[in-house]
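J.: Last residue of the sequence shown? That's 343 in UniProt numbering, and every number before it is there in order.
Think of the CB as a built atom: it goes at the ideal place given N, C-alpha and C, for glycine as much as any other residue.
Note that the coordinates shown come from a computational prediction; the quantities given were computed from them, not determined experimentally.
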Amino acid sequence: MHYAALLAGAGSDIFDQKAFHFVIRWPSSRFLSVAMKRPNGKSIPSVTHLSAFDAVARAGTMTAAARALSLTQSAVSKQVAELQAFLGVPLLVRLEGRLVPTHAGERYLHRIRPALAELEEATLQAQATREAGEPRGHLTLSVPATFGAMWLLPRLSGFARQHPQIVVNLSTKIGPVPLPSPTLDAAIMYVPGQRDPGLWYQPILPLKVHPVCHPGLGGPRASPAGLLREQPLLHQASTPDAWETYVAARGKGRLTARAGPRYALLSMGLEAATAGLGVALLPDYVVADAVARGSLRLLDPEPFAIAGGYMFVCPRQHQHAPAIAAFSAWLSGTAREAFRGEC
């Protein structure tokens, strides 16, 4: 009866024991339905109310939020008011003509936005699992951003033709991908060495790199050895020891692995080299087109193999799941064809 005591002064109340709701009759004859905590259970606001609050917090006005949600302004206002009454705290305050979250509202948004995103993703995946009333497979993968954009996506139509019943969803993450994951089925990642015994690893491509730079870097007479010796070396966060390994193997005592700018994405290293910021050590699939166009100069035509390589990784107990097995088989065959074409 906590809510009855809290709201008794606002107007008459009717308690619906079957539905466990208080229906509050305000003096203006408006009604407000407030969900009560059920025995041995939990009550949460509706997704509609949470989405309305999130939209107003983003847009700054009820009118703009209503437009974004394809609702009326009064409907959005009502949903936000009901949510505030349900929580018992003010969520929004008007400042300089805009509605902004209160401190409590900010904290609440911080918690509910990831949950709303998860619900949307789960709903999209559920919708993707049926076609003409028949079960349909789906696979959610994390892939390195540059590998996904420059190597995987241009080839992914081949998988779609072979397996039109399987929907492949892609996301990306910088750094190691934690598996198992409630939001991922598998991942493609660069694995330098040590492996987790609870995961299954399928090699895809070895990591072979070339030193490259802008054709005009160092002047028209600059030699590859001189550029490697004198120009800034551009480093990649995913392979922090690559220059040190390359210099030890190919430098013949004449080069040093100097410190330099570090980039989180291979595509950033590519753009930095193309812009003339220094010499980058990048995979062949990243630099091939730029070298062919003449926007990058290859300083060492012989590819240099970095320890480890790209691998398809999933929890060991899931490696035979139909969608994972189909994708890993296609990926392995596609990688073999690509590797033969580069040899």
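1. Could you tell me the alpha carbon to alpha carbon distance between residue 312 and residue 292, rounded to whole angstroms?
2. For residue 206, which residues from the same chain have a beta carbon less than 7 Å from its beta carbon, with the 5 sequence-adjacent residues on both sides left out?
3. So, using beta-carbon positions, are residue 214 and residue 296 closer together than 8 Å?
4. Report buried or exposed for residue 95, applying the criterion of at least 16 other Cβ atoms within 10 angstroms of its Cβ.
5. Taking the straight line between their C-alpha atoms, what separation do you get for residue 156 and residue 267?
6. What is the rounded straight-line gap between the Cα of residue 249 and the Cα of residue 242?
7. Pull the bridge partners of residue 306 from the DSSP assignment, please.
8. Given this structure, state the Cα-to-Cα distance separating residue 224 from residue 64, to the nearest angstrom.
9. Would a C-beta distance cut-off of 8 Å place residue 66 and residue 57 closer than the cut-off?
10. Just the C-alpha distance for residue 261 and residue 119, rounded to the nearest angstrom, thanks.
11. With distances taken between CB atoms, is the gap from residue 286 to residue 265 smaller than 8 Å?
12. May I ask you to verify whether the stretch 102-122 touches the stretch 223-239, counting CB pairs closer than 8 Å and requiring at least 3?
13. Buried or exposed, going by whether 16 or more other CB atoms sit within 10 Å of the CB of residue 336?
14. Do you know how far the Cα of residue 238 is from the Cα of residue 281?
15. Mapping the DSSP letters down to three states, classify residue 179 as helix, strand or coil.
16. Which residue from 90, 103, 186 and 307 puts its Cα closest to that of residue 139?
17. Grab me the residues of residue 9's own chain with a C-beta within less than 7 Å of its C-beta, minus the 5 sequence neighbours each way, in chain order.
18. Is residue 323 helix, strand or coil by DSSP?
19. Is DSSP giving residue 221 helix, strand or coil here?
20. In angstroms, rounded to a whole number, what distance separates the CA positions of residue 152 and residue 190?
21. Can you name the start and end residues of the alpha helix (DSSP H) that residue 288 belongs to?
22. DSSP three-state call for residue 315: helix, strand or coil?
T.: Looking at the atomic coordinates:
1. The sequence position of residue 312 within the sequence shown is 312, counting from 1. The sequence position of residue 292 within the sequence shown is 292, counting from 1. Rounded to the nearest angstrom, the two C-alpha atoms are 29 Å apart.
2. For the purposes of this step, residue 206 is taken as the residue at position 206 of the sequence shown. Excluding residues up to 5 positions away in sequence, 305 and 309 lie with their Cβ nearer than 7 Å to the Cβ of residue 206 in the same chain.
3. Taking the sequence shown and counting its residues from 1, one reaches residue 214 at position 214. Taking the sequence shown and counting its residues from 1, one reaches residue 296 at position 296. Contact: yes.
4. For the purposes of this step, residue 95 is taken as residue 95 along the sequence shown, with counting starting at 1. Per the 10 Å Cβ criterion, exposed.
5. Locating residue 156 in the sequence shown gives position 156, where the first residue counts as 1. Locating residue 267 in the sequence shown gives position 267, where the first residue counts as 1. Distance between residue 156 and residue 267, taken at the CA atoms: about 20 Å.
6. Counting from one through the sequence shown, the residue named residue 249 turns up at place 249. Counting from one through the sequence shown, the residue named residue 242 turns up at place 242. If you draw a straight line from the Cα of residue 249 to the Cα of residue 242, it is about 11 Å long.
7. Along the sequence shown, one-based indexing puts residue 306 at 306. Answer by DSSP bridge pairing, in chain order: 207.
8. The sequence position of residue 224 within the sequence shown is 224, counting from 1. The sequence position of residue 64 within the sequence shown is 64, counting from 1. Residue 224 and residue 64: Cα-Cα distance of roughly 58 Å.
9. As a first step, residue 66 must be located in the sequence shown, where it is residue number 66. As a first step, residue 57 must be located in the sequence shown, where it is residue number 57. Against a cut-off of 8 Å, the Cβ pair of residue 57 and residue 66 comes out as no contact.
10. In the sequence shown, counting from the first residue as 1, residue 261 sits at position 261. In the sequence shown, counting from the first residue as 1, residue 119 sits at position 119. Looking at the two C-alpha atoms, the distance is approximately 39 Å.
11. The count along the sequence shown starts at 1 and reaches residue 286 at position 286. The count along the sequence shown starts at 1 and reaches residue 265 at position 265. Cβ atoms of residue 286 and residue 265: not closer than 8 Å.
12. no
13. Translated into the one-based positions of the sequence shown, residue 336 becomes position 336. Its Cβ having fewer than 16 others within 10 Å, residue 336 is exposed.
14. Indexing the sequence shown from 1 puts residue 281 at position 281. Indexing the sequence shown from 1 puts residue 238 at position 238. Cα to Cα, the separation comes out at about 12 Å.
15. The residue given as residue 179 occupies position 179 in the sequence shown. Three-state DSSP puts residue 179 in coil, outside helix and strand.
16. For the purposes of this step, residue 139 is identified with residue 139 of the sequence shown, where counting begins at 1. With distances taken between Cα atoms, residue 139 lies closest to 186.
17. Taking the sequence shown and counting its residues from 1, the one referred to as residue 9 is at position 9. Unreliable positioning characterises residue 9 in this predicted model, as indicated by a pLDDT of 35, which lies under 50. The coordinate reading is nonetheless provided below. Answer for residue 9: no residue qualifies.
18. On the sequence shown, residue 323 is found 323 positions in, with the first residue counted as 1. Three-state result, residue 323: helix.
19. Here residue 221 corresponds to residue number 221 of the sequence shown, with the count starting at 1. Coil, per DSSP.
20. Residue mapping note: residue 152 aligns to position 152 of the sequence shown, counting from 1. Residue mapping note: residue 190 aligns to position 190 of the sequence shown, counting from 1. Cα to Cα, the separation comes out at about 14 Å.
21. Within the sequence shown, numbered from 1, the residue matching residue 288 stands at position 288. Unbroken alpha helix (DSSP H) run through residue 288: 284-293.
22. The residue given as residue 315 occupies position 315 in the sequence shown. Strand, per DSSP.
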